[in-house]
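Structure first, then comments.
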Amino acid sequence: MSGRVLVIDPSERLDLIRGLASEVRVSILKLLRNGEEKNVNQIAEQLGLPQSTVSSNLQVLEDTGLITTVTRKARKGSQKVCKTAFTEILVGFRDNLPEAGDGAIEVSMPLGLYTSCDVTGPCGLCSTDGVIGLLDVPDTFLDPNRMKAGLLWFTRGYVEYQFPNNTKLNRTRPKALEFSMELSSEVPGTAADWPSDIFLEVNGVDIGTWTSPGDFGDKRGVYTPDWWKLAGSQYGKLKNWRITGKGSFIDGMQISDVTLDDLLIDQHRSIRMRVGVKEDAEHPGGMNIFGKGFGNYDQDIVLRIAT
Numbered sequence: 000m001s002g003r004v005l006v007i008d009p010s011e012r013l014d015l016i017r018g019l020a021s022e023v024r025v026s027i028l029k030l031l032r033n034g035e036e037k038n039v040n041q042i043a044e045q046l047g048l049p050q051s052t053v054s055s056n057l058q059v060l061e062d063t064g065l066i067t068t069v070t071r072k073a074r075k076g077s078q079k080v081c082k083t084a085f086t087e088i089l090v091g092f093r094d095n096l097p098e099a100g101d102g103a104i105e106v107s108m109p110l111g112l113y114t115s116c117d118v119t120g121p122c123g124l125c126s127t128d129g130v131i132g133l134l135d136v137p138d139t140f141l142d143p144n145r146m147k148a149g150l151l152w153f154t155r156g157y158v159e160y161q162f163p164n165n166t167k168l169n170r171t172r173p174k175a176l177e178f179s180m181e182l183s184s185e186v187p188g189t190a191a192d193w194p195s196d197i198f199l200e201v202n203g204v205d206i207g208t209w210t211s212p213g214d215f216g217d218k219r220g221v222y223t224p225d226w227w228k229l230a231g232s233q234y235g236k237l238k239n240w241r242i243t244g245k246g247s248f249i250d251g252m253q254i255s256d257v258t259l260d261d262l263l264i265d266q267h268r269s270i271r272m273r274v275g276v277k278e279d280a281e282h283p284g285g286m287n288i289f290g291k292g293f294g295n296y297d298q299d300i301v302l303r304i305a306t
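Under numbering that gives the first Met the number 0, the first residue of the sequence shown carries the number 0, and numbering increases by one thereafter.
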């Protein structure tokens, strides 16, 4: 993806710093820096390294989001090709959002308390006790028992939440908004290589898209209940969308030039957040949202406002 710049705070992305702490991995990134796609054999040949060494290091780079991979047809079957996700990586410390109680407002929104939805199947809702309503029936998303949901999934569409605009009530001005939630792609069963473009909108403004690499089921989620079948989605990745006066970011990476001023926070009694998968997404791989009692992070959707 030519021209993409990653800005990271090492205190937030130690996994990425570790991913860079290898001569082999740095050499791979340099080889791919012009955006050219290469397979494992090509990289191994050009670097003069064993294929097994290249494969293991590519996996680290993929896990940290420094490269992307796609499967393409080959003369015999298929092959995985790689390309760099960024042309430039900048490391620097940024001001943290203050802890709640130190000039920050935090609201935790249960998954089932969405105020609007429009989803397509396969789809469903679960509480820690069992399945809610009927699977793969979009109208189930209107079931009153949705309030108990700890996991929801759908193929296309969105769910929208309304958070109270406490800055208007407190007559304070926000410096940054941050939405935190655990997400993954959605496929019948699971698939580690199943990309999906998941978007976020705030007050009707498109903030940006994160491409989930897959639907994870290699091991049971830390909090996923025992009754939930192991063949189903187990956990996601904790993603943080942050909107400031300088732009919008995902996990420290700037994804758009949308700023707080574009959201007109002071003109609304609530802060509307919509998350989903668009009909025209390049990678329409569905989505899971994991809340309390599911996944690897025992939290619902969290809004934090620095004031």
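All C-beta atoms in this analysis are idealised placements derived from N, C-alpha and C, irrespective of residue type, glycine included.
Tell me, to the nearest whole angstrom, how far the beta carbon of residue i is from that of residue j; I am working on the premise that it is less than 8 Å.
i       : j       : result
Gly-111 : Ala-148 : 4 Å
Ala-280 : Pro-173 : Rounded, the Cβ-Cβ distance is 29 Å, inconsistent with contact.
Met-286 : Trp-152 : 7 Å
Asp-297 : Tyr-222 : 5 Å
Pro-143 : Val-118 : Pro-143 to Val-118, Cβ: 17 Å. No contact.
His-282 : Asp-196 : 5 Å
Asn-164 : Leu-262 : At roughly 10 Å, the Cβ-Cβ gap does not stay under 8 Å, so Asn-164 and Leu-262 are not in contact.
Compute the Euclidean distance between the alpha carbons of residue i and residue j, then round it to the nearest angstrom.
i       : j       : result
Arg-241 : Phe-178 : 7 Å
Thr-307 : Met-180 : Absent from the model: residue 307. The displayed extent of the chain is 0 to 306, so no value can be given.
Ser-107 : Asn-239 : 14 Å
Thr-70  : Phe-293 : 30 Å
Gly-76  : Thr-189 : 22 Å
Arg-145 : Arg-17  : 40 Å
Arg-219 : Gln-266 : 44 Å
Ala-84  : Leu-15  : 13 Å
Lys-37  : Gln-58  : 14 Å
Thr-258 : Glu-200 : 12 Å
Thr-127 : Asp-225 : 9 Å
Ser-21  : Gln-41  : 20 Å
Ser-183 : Pro-212 : 8 Å
Glu-105 : Thr-166 : 11 Å
Ala-43  : Cys-116 : 47 Å
Thr-68  : Gly-246 : 27 Å
Asn-56  : Arg-32  : 16 Å
Leu-60  : Gln-50  : 15 Å
Ala-103 : Arg-74  : 57 Å
Pro-187 : Thr-63  : 25 Å
Tyr-113 : Ala-191 : 28 Å
Asp-135 : Gln-78  : 33 Å
Val-90  : Leu-237 : 21 Å
Pro-9   : Leu-65  : 15 Å
Leu-48  : Ile-288 : 40 Å
Cβ atoms of residue j and residue i: under 9 Å apart, would you say?
i       : j       : result
Leu-46  : Leu-28  : no
Leu-302 : Phe-162 : yes
Asp-260 : Gly-244 : yes
Thr-52  : Val-80  : no
Phe-140 : Leu-150 : no
Glu-185 : Thr-210 : no
Lys-82  : Glu-35  : yes
Pro-109 : Gly-290 : yes
Leu-176 : Ile-264 : yes
Asp-217 : Ser-255 : no
Leu-19  : Ile-88  : yes
Ser-26  : Val-39  : no
Segments assigned beta strand (DSSP E), at least 3 residues, entirely inside the segment 77-165: Fully enclosed beta strand (DSSP E) runs of 3 or longer: 77-83, 87-90, 103-108, 115-118, 123-125, 150-153 and 156-163.
So, do the segment 274-283 and the segment 145-160 have three or more beta carbon pairs nearer to each other than 8 Å? yes
Any contact between the segment 251-263 and the segment 122-134? By contact I mean 3 or more CB pairs, one from each, below 8 Å. Taking 8 Å as the limit for Cβ pairs, the verdict is that the segment 122-134 does not touch the segment 251-263.
If you pair each beta-carbon of the segment 258-273 with each one of the segment 225-234, do three or more pairs fall below 8 Å? no
Whole beta strand (DSSP E) elements within the segment 42-77, 3-residue minimum: 66-72
Go through the segment 195-282 residue by residue and report every complete run of the beta strand (DSSP E) that reaches 3 residues or more, in order. 195-201, 204-211, 236-243, 247-249, 252-255 and 269-276
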